[in-house]
Amino acid sequence: MHPSNLFRRRLLLAGAAGLAAGALSGVAHARGAAVQPDIDGTKVWGARSPQGTVSVLQYRPSRIVVHHTVSANSTDYSRARAHAHAHWVQDLHMDDNGWVDTGYNFLVSRGGWITEGRTGSLPALTGGRAFVLGAHTSGQNTQAIGIACEGQYHAGAQPPQAQWEVLVTLCAYACDQYGIASTQIFGHKDYGTTECPGVYHDMLPELRAEVAAARS
């Protein structure tokens, strides 16, 4: 099955489950209309334990910063590949950079799978009142959550449709949970001298528009 079709099937199932839960509890999607995406937490993909204390900030972020991981543009769209990519990023950040854990809060694979990056980011997001201090954008880590897309997009490559659709869904959900305006989605290069997130930076106006539509 093509990854974008697989994503749509997962999204429809998640939406149906959410509607059923709403009928029972009356509180589903209390903050907005965005669908809660399927996110594999650190325990699901077998992350290493942080090598130090992960800080949880007791307030809500005001923006989202989009990145790319400059990893290979893999054509393996499987969930297993998403987990392997999460391991690769964590090893790079902990072993090469000397950071406490993965710098990004969330990762979106080329096949449309979402993994939790820095430990604790997922429960903080679902709670909607606090967020985990990451290490992704100099000067912005105390105000923004970082979402990184698998692949390298600074040399003309285009992201797969499945990755794009899931990025929209994740951003819409994060905006709803944290009360972030859909216009407050930026790219890494907005805050420093970098090519990150490549072509995704050119696509930010479209991303903001689709996120706004997903929340309505």
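Letter by letter, the sequence shown follows residues -30 to -1, 1 to 186 in mature numbering (1 follows the signal peptide of the UniProt record, and there is no 0).
Don't be surprised by glycine CBs; every beta carbon is placed ideally from N, CA and C.
- In the three-state reduction of the DSSP assignment, C166 falls in the coil class, being assigned neither a helical nor a strand state.
- When only Cα atoms are considered, G98 and A127 end up about 34 Å apart.
- Residue burial is scored here from C-beta neighbours: A42 has fewer than 16 other C-beta atoms within 10 angstroms and is therefore classed as exposed.
- Beyond the five residues adjoining it in sequence on each side, Q28 comes within less than 8 Å, by CB distance, of R99, A100 in the same chain, given in chain order.
- Between P7 and D71, the gap from beta carbon to beta carbon reaches 8 Å or more.
- Residue S32 holds the alpha-carbon nearest to the alpha-carbon of F156 among V59, H124, S32, P129.
- Annotation for N111: L103, G104, A105 place their beta carbon closer than 7 Å to its own, counting only its chain and skipping 5 residues before and after.
- Runs of the beta strand (DSSP E) lying entirely within the segment 57 to 101, each at least 3 residues long, are 76 to 78, 84 to 86 in chain order.
- DSSP places A118 in the uninterrupted beta strand (DSSP E) bounded by 114 to 119.
- Take W83, set aside five residues on each side of it, and the residues of its chain with a beta-carbon closer than 6 Å to its own are R49, A52, in chain order.
- E120 and R80 have their alpha carbons spaced roughly 6 Å apart.
- In the three-state scheme derived from DSSP, where H, G and I count as helix and E and B as strand, R49 is classed as helix.
- Using a 10 angstroms sphere on the CB of N75, the tally of other CB atoms reaches 16 or more, which defines it as buried.
- If you draw a 10 Å sphere on the C-beta of D46, you find fewer than 16 other C-beta atoms in it, and that means exposed.
- Exclusion of the five residues before and after S108 leaves Y161, G162 as the residues of its chain whose Cβ lies within less than 8 Å of its Cβ.
- In this structure, the alpha-carbon of I115 lies about 20 Å from that of Y123.
- Rounded to whole angstroms, the separation of the alpha carbons of L62 and R30 is 28 Å.
- Setting aside the 5 residues that flank it on each side, S25 is surrounded in the same chain by V102, L103, each with a C-beta closer than 8 Å to its C-beta; the list follows chain order.
- In this chain, the beta strand (DSSP E) harbouring R33 covers 33 to 38.
- For G157, the enclosing beta strand (DSSP E) covers residues 155 to 157.
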